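Structure, as structure tokens:
Protein chains: 4
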Amino acid sequence: MQINVCIFGVSGYTGAQLIQFLAKHKFVNITGIFGYETIGQKIRNLFPSITNLPDLTISNYSDFNFDNVDLIFSCLPHGKFQSSIINNIKGNNSIIDLSGDFRLDDLSLYEEFYGIKHESKDKKGKFVYGLSEVYKKEIKKAKFIANPGCYPTSILLPLIPLLKKNIITNQHIIIDSKSGVSGAGKKLEIKNLFSEINENFYSYGLKKHKHFIEIDQEISKLGKNTFTFIPSLVPVTRGLQSTIYIEKNESVMFYKNAIKDFYKNEPFIQILDKKCPSFSDVKYTNNLLLNIFEDYQKKKIIIISCIDNLVKGAAGQAIQNMNLMYDFDEKESLI
Amino acid sequence: MQINVCIFGVSGYTGAQLIQFLAKHKFVNITGIFGYETIGQKIRNLFPSITNLPDLTISNYSDFNFDNVDLIFSCLPHGKFQSSIINNIKGNNSIIDLSGDFRLDDLSLYEEFYGIKHESKDKKGKFVYGLSEVYKKEIKKAKFIANPGCYPTSILLPLIPLLKKNIITNQHIIIDSKSGVSGAGKKLEIKNLFSEINENFYSYGLKKHKHFIEIDQEISKLGKNTFTFIPSLVPVTRGLQSTIYIEKNESVMFYKNAIKDFYKNEPFIQILDKKCPSFSDVKYTNNLLLNIFEDYQKKKIIIISCIDNLVKGAAGQAIQNMNLMYDFDEKESLI
Amino acid sequence: MQINVCIFGVSGYTGAQLIQFLAKHKFVNITGIFGYETIGQKIRNLFPSITNLPDLTISNYSDFNFDNVDLIFSCLPHGKFQSSIINNIKGNNSIIDLSGDFRLDDLSLYEEFYGIKHESKDKKGKFVYGLSEVYKKEIKKAKFIANPGCYPTSILLPLIPLLKKNIITNQHIIIDSKSGVSGAGKKLEIKNLFSEINENFYSYGLKKHKHFIEIDQEISKLGKNTFTFIPSLVPVTRGLQSTIYIEKNESVMFYKNAIKDFYKNEPFIQILDKKCPSFSDVKYTNNLLLNIFEDYQKKKIIIISCIDNLVKGAAGQAIQNMNLMYDFDEKESLI
Amino acid sequence: MQINVCIFGVSGYTGAQLIQFLAKHKFVNITGIFGYETIGQKIRNLFPSITNLPDLTISNYSDFNFDNVDLIFSCLPHGKFQSSIINNIKGNNSIIDLSGDFRLDDLSLYEEFYGIKHESKDKKGKFVYGLSEVYKKEIKKAKFIANPGCYPTSILLPLIPLLKKNIITNQHIIIDSKSGVSGAGKKLEIKNLFSEINENFYSYGLKKHKHFIEIDQEISKLGKNTFTFIPSLVPVTRGLQSTIYIEKNESVMFYKNAIKDFYKNEPFIQILDKKCPSFSDVKYTNNLLLNIFEDYQKKKIIIISCIDNLVKGAAGQAIQNMNLMYDFDEKESLI
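Residue numbers (the numbering used here), protein chains in the order written: chain S, 7 to 341; chain H, 7 to 341; chain C, 7 to 341; chain A, 7 to 341.
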């Protein structure tokens with residue numbers, strides 16, 4: 007079985023990563039790539055380092071016939087896809103949206119945290135939150151997927167087994183996350199210039215981060231816990247670590263086993279024996295690596311989880327979700 | 007007034023930073039520089055980028071006459087100075103030791119955490135812990151200074167005012183620190199190679215970090231609190247941030263004012279109004295910049311403190327301590 | 007058809023890259039991996055980021071039965087393979103050696119430039135110099151391959167078409183090359199530490215570089231030209247650019263067409279239209295990208311060629327050579 | 007003697023470096039700082055890492071009284087100062103302009119290479135080209151200084167002694183330069199984003215670089231030579247190396263002695279004995295370090311010259327020029 011896919015937003019970092027996976031996917035034909043300023047350019051010229059690309063030209067989606075398209079990926083910035091495009095496409099296509107547009111159940115929170123009016127509220131209900139390992143059953147039957155954010159992926163995958171098993175209850179969780187720079191996208195702002203970020207490190211989004219509310223939505227579904235989320239920027243292109251501090255009520259091994267057991271058949275989740283996971287261990291992979299420690303005074307359990315923000319935190323998880331939706335091998339094109 | 011100083015250990019990063027400050031210090035003559043493999047080399051050749059260096063040659067300290075030396079700096083790795091050198095120098099010289107050898111009051115903890123036998127236990131009592139702003143009175147009268155570690159400096163300076171004023175009591179404090187690579191020194195280990203660290207990020211020392219016990223010593227003096235300390239390595243040369251999570255019992259401004267008031271006459275401690283401090287704000291300076299925030303759910307107070315690990319976290323604080331000891335302008339050569 | 011391969015030297019950067027390609031190669035079984043300090047360790051633990059690895063343990067080659075081995079890869083440092091190992095393996099195996107041990111026809115030059123005595127002189131004659139696109143015919147029939155160096159690959163591939171067609175004759179060629187750091191391997195030397203290389207840039211090997219004599223061997227075969235070769239170190243992990251200055255006797259297009267024509271059926275060599283190639287365009291690929299320019303005064307032709315030093319400059323070209331030797335698709339596992 | 011200085015353009019990297027030098031200069035009072043979007047902000051807030059700043063607020067130059075101003079520095083982008091500001095300031099002030107606006111004698115070449123119309127052609131004649139060591143006599147008497155570009159500084163300082171002594175005549179010189187990123191300024195372009203530059207390296211400006219024509223102007227004054235100039239971008243913040251290839255007609259020592267002799271009293275120019283200069287050797291200094299080599303085949307002389315592009319290549323040389331103009335110690339505030 008082959009499917010035809012189209013992509014919005016290939017000029018960003020997530021889009022570039024997505025097209026690289028799609029180009030080598032055995033069961034995918036890329037049949038349309040849409041843009042604005044790049045309309046008319048050959049994608050082979052735009053991506054000289056990706057081999058196996060079809061001989062396609064960037065086009066305007068409004069001139070495109072979506073009849074034979076099975077699946078649409080959108081890697082557009084938040085707000086672009088929901089505000090008009092989704093309403094202009096009349097086909098019966100499936101959708102995987104990598105933005106935050108359809109992740110939040112409460113759209114008033116979307117409008118508060120993203121500062122963008124939501125123009126497709128009627129469509130929200132059809133979207134499944136695509137945290138692959140947790141919502142696998144729902145994803146397999148879904149037509150529309152809201153692909154999760156990078157921080158939430160790194161945080162929810164380790165926490166959800168503990169929350170579901172009531173191992174974490176009525177606690178305050180502290181989450182100190184560190185992300186590479188590509189997560190911020192290709193925005194033209196002074197703070198994103200090389201000389202501003204190189205040899206620098208700082209925390210940001212302390213008061214109100216878009217991903218806070220996404221994490222909150224999923225944690226709240228599973229009990230009464232509160233949490234603090236502080237992200238920081240690491241001057242590297244790829245990689246993301248979340249350090250999660252919870253109360254120590256059991257042995258380290260108890261927590262490890264609870265998570266190991268929950269993910270025992272999952273190919274992309276690895277619980278390490280001794281090593282502390284690092285960006286190097288996950289870069290360019292769809293893996294989440296984690297390990298669990300206690301502190302010297304044995305007061306806290308520390309979960310350390312690492313992903314590649316552009317892969318498991320974005321494009322890779324989107325491919326994994328596509329593989330689940332179409333019953334392809336879950337690992338196809340991802341290893 | 008001019009003083010004569012000698013330096014051990016200039017081949018490391020801290021030593022190089024120290025000699026740069028000393029070379030431009032108005033009241034200092036560098037009269038001796040000691041080494042091993044580098045004996046006989048001109049220091050001007052070793053440090054082509056430092057101007058104003060005297061025309062000195064690296065020598066063997068055992069051939070050196072310490073009679074006219076006022077002050078000895080040691081930037082040697084932990085264990086080297088206490089194990090033999092200090093006992094071989096018979097002069098009446100003052101000492102600022104930048105290693106961990108004389109920081110811990112309980113030398114059995116030194117031996118446990120450093121894995122090194124202490125050979126100068128009798129001398130320990132004469133050393134003052136050189137956290138400049140906190141022990142200023144003692145430093146001014148001291149002959150021997152144990153210069154603090156970089157992580158402890160970034161953590162204790164913000165916490166001590168709150169501990170002294172009983173604003174933090176019976177709490178568990180979480181400290182998530184991030185350091186540039188020069189803090190690790192010039193050790194020849196695979197993990198310190200460029201291709202291992204570049205584009206990487208990871209946590210380390212989770213079970214037992216030398217600085218944990220140094221922080222513990224000072225925190226324990228001021229009440230009954232426990233803490234978790236997790237350091238990580240940022241792939242930059244200089245900079246260090248500590249993110250400190252405490253309970254929120256008062257407004258953010260209450261905490262800021264308590265710290266501001268404590269350090270109101272201190273030239274090197276700046277409490278920022280709005281900006282979150284970054285490595286860029288402190289690199290190559292002796293400043294500690296900090297700011298205080300609350301999280302979105304208003305459950306925790308987050309103190310973020312930044313220093314340059316080689317300056318305020320090592321050589322700069324050593325110079326500041328020398329300035330205090332000899333009643334020089336505290337800022338001399340540091341701005 | 008499946009072949010069984012063994013690998014020496016997986017603990018280095020080239021070895022890690024090679025094993026990654028081999029793990030996803032359709033027609034390869036990895037049956038042995040040899041080491042020293044790592045003997046007994048599972049390769050899956052050593053390489054947590056490589057999926058599809060067989061469940062193998064690092065072993066000692068002298069305990070290994072090579073009877074069923076088709077092909078041996080050696081990624082050992084220069085001198086290790088030729089000095090003893092190759093003479094101890096008694097099987098009838100094919101070999102691809104990624105070191106410089108068998109690249110030079112004149113072994114006295116090997117001994118001069120590498121400073122190592124050659125202990126397998128009798129075997130040298132059986133090795134083909136594995137510059138894939140140039141010696142394709144010979145490689146297809148070869149049993150032993152000396153895989154080229156990274157600088158020579160980036161320099162010879164653009165120059166050889168011009169030399170063969172007598173477009174460059176009796177000239178002095180200037181070659182200014184810039185390489186990422188992984189090319190230097192995992193050597194424990196102060197100059198390879200992160201804090202030494204980060205934010206730094208310098209030229210090295212000015213008097214006598216191992217790759218000079220390798221380039222010279224191939225250029226000398228094709229006419230009477232002289233050349234200057236100056237390599238520099240760029241503080242990145244991967245990437246290599248050679249900037250080659252030749253006399254301008256024809257239009258830019260004449261030179262481009264000569265090279266294009268020579269490589270017209272080669273999948274890994276791309277001559278760009280307008281863009282100047284960059285490290286980003288080639289990283290993690292087996293491609294060589296090049297473009298040709300003239301200077302403002304139209305006195306010189308400037309050829310700019312980029313590769314990933316660990317892929318086309320090492321492990322990727324080794325895989326390409328294996329694919330040629332065994333008549334696999336030349337691109338298998340490389341895209 | 008104290009002078010009053012004003013600065014245009016402190017929001018860029020050169021401006022920030024300049025203000026840092028001025029803040030610690032013994033004989034300078036900063037009395038005005040001009041901006042656009044930043045008007046009304048305290049400079050102490052804008053530069054938290056610079057100590058000793060006066061308590062000044064960014065103002066609009068058109069509201070400012072220039073009567074007591076001795077010297078105006080402009081760090082504005084090319085074209086801004088000449089197009090209007092210089093004509094609006096009616097005082098009798100001296101000027102050091104760090105842009106390219108007044109460097110070229112032939113203003114039609116300015117308009118061609120910069121793509122900007124020149125609106126102050128009458129003023130051009132009053133400007134001295136501020137290559138400190140070469141035009142020292144003229145600078146001491148000058149009222150207006152056109153501060154040189156970073157590439158030209160690194161190239162002309164080594165070449166001019168050889169050109170003046172007729173050691174290089176009727177040759178074609180090849181110049182392969184490599185610069186850190188801060189030289190490009192704070193321009194909001196995709197190519198300047200962290201994720202575009204990090205781990206990347208490429209050549210640019212091959213056809214027509216603004217600095218080509220500046221180099222050409224000075225080389226042409228001293229004889230009949232042609233040259234090729236190819237600059238590349240190194241992914242670091244600071245540092246610049248020029249590798250200059252000339253014909254070998256004499257021994258290496260002959261060339262070194264010619265340059266050494268020319269600069270024998272210059273504090274900022276160092277000719278190294280053996281070491282190849284590196285970015286690390288010059289970062290944050292006003293020094294130019296150089297060394298000279300011959301290639302293996304002894305066909306070419308290779309001059310390698312390194313500076314910090316923001317210091318000797320911009321703000322540092324501007325301070326040096328000010329020190330010369332006002333007869334201050336040439337090194338004041340620069341060491």
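Think of the CB as a built atom: it goes at the ideal place given N, C-alpha and C, for glycine as much as any other residue. Bear in mind the structure is a predicted one, so any value in this text is a computation, not a measurement.
- Beta-bridge partners of V34(A) (DSSP): I9(A).
- With respect to the C-alpha of G18(A), the residue from I313(A), G189(A), I325(A) and I225(A) having the closest C-alpha is G189(A).
- Excluding its 5 nearest sequence neighbours in each direction, K337(A) has C-beta neighbours in its own chain below 6 Å: P273, listed in chain order.
- In the structure shown, T57(S) falls within a coil segment according to DSSP collapsed to helix, strand and coil.
- Proximity of the stretch 152-162 of chain C to the stretch 297-315 of chain C meets the contact definition, three or more beta-carbon pairs being nearer than 8 Å.
- Under the three-state reduction of DSSP output, N329(H) falls in the helix class.
- Three or more beta-carbon pairs separated by less than 8 Å are not found between the stretch 103-122 of chain A and the stretch 137-144 of chain A, which leaves the two stretches without contact.
- A straight-line Cα-Cα distance of about 31 Å links K216(S) and I36(S).
- For L52(A), the closest C-alpha among the options K30(A), C81(A) and A22(A) is that of A22(A).
- Close to Y290(S), with beta-carbon spacing below 9 Å, lies no residue of chain H; the smallest spacing is near 11 Å.
- Between L162(H) and I225(H), the C-beta gap is smaller than 9 Å, which places the two residues in contact.
- In the three-state reduction of the DSSP assignment, S286(C) falls in the helix class.
- Uninterrupted alpha helix (DSSP H) stretches at least 4 residues long and entirely within the stretch 225-306 of chain S occur at 258-268 and 285-288, given in chain order.
- Residues of the stretch 234-267 of chain A with a C-beta atom less than 8 Å from some C-beta of chain C are T234, F235, I236, S238, V240, P241, V242, T243, R244, G245, Q247, T249 and Y251, listed in chain order.
- In this structure, N204(A) sits near N204(S), with a CB-CB distance shorter than 9 Å.
- When C-alpha distances from K230(A) are compared across Y269(A), K30(A), P164(A) and H178(A), the shortest belongs to H178(A).
- K143(C) has its alpha-carbon roughly 33 Å from the corresponding atom of F27(S).
- I39(H) is the residue among I39(H), S55(H), I78(H) and P83(H) whose C-alpha sits nearest the C-alpha of L62(H).
- In this structure E253(A) is not in contact with K171(A), their Cβ atoms being roughly 15 Å apart against a cut-off of 8 Å.
- In this structure, G41(S) and V16(S) form a Cβ contact; the two beta carbons are roughly 7 Å apart against a cut-off of 8 Å.
- Using a Cβ-Cβ cut-off of 9 Å, N204(A) counts as an interface residue toward chain S, since at least one Cβ of chain S sits closer than that to its own.
- Taking CB atoms only, I25(A) has no neighbour in chain H less than 9 Å away.
- Within the stretch 106-144 of chain A, complete alpha helix (DSSP H) segments of at least 4 residues are found at 113-120 and 127-130, given in chain order.
- According to the DSSP assignment, K184(S) belongs to the beta strand (DSSP E) that extends over H178 to S185.
- Bounds of the alpha helix (DSSP H) holding S160(C) are C156 to K170.
- Residues of chain H with a Cβ closer than 7 Å to the Cβ of Q276(A) are, in chain order, P54.
- The Cβ atoms of T234(H) and I181(S) do not sit closer than 9 Å to each other.
- Within chain H, the residues whose beta carbon sits less than 8 Å from that of C282(S) are Y208, S209, Y210 and L212, listed in sequence order.
- Here the alpha carbons of L104(C) and N153(C) stand approximately 5 Å from one another.
- D267(C) and S185(H) have their C-alpha atoms some 53 Å from each other.
- In the DSSP assignment, A22(H) falls within the alpha helix (DSSP H) that extends over Y19 to A29.
- Counted as a single uninterrupted DSSP element, the beta strand (DSSP E) harbouring L77(A) occupies residues L77 to S80.
- Note that the C-beta distance between V75(S) and N94(S) is not below 9 Å.
- Comparing alpha-carbon positions, the option among Q223(C), Y120(C), M259(C) and S286(C) lying closest to G211(C) turns out to be Y120(C).
- For T243(C) and G191(H), the gap between their C-alpha atoms comes out near 21 Å.
- Among the residues facing chain A, Y19(S) is included, as its CB has a counterpart in that chain under 9 Å away.
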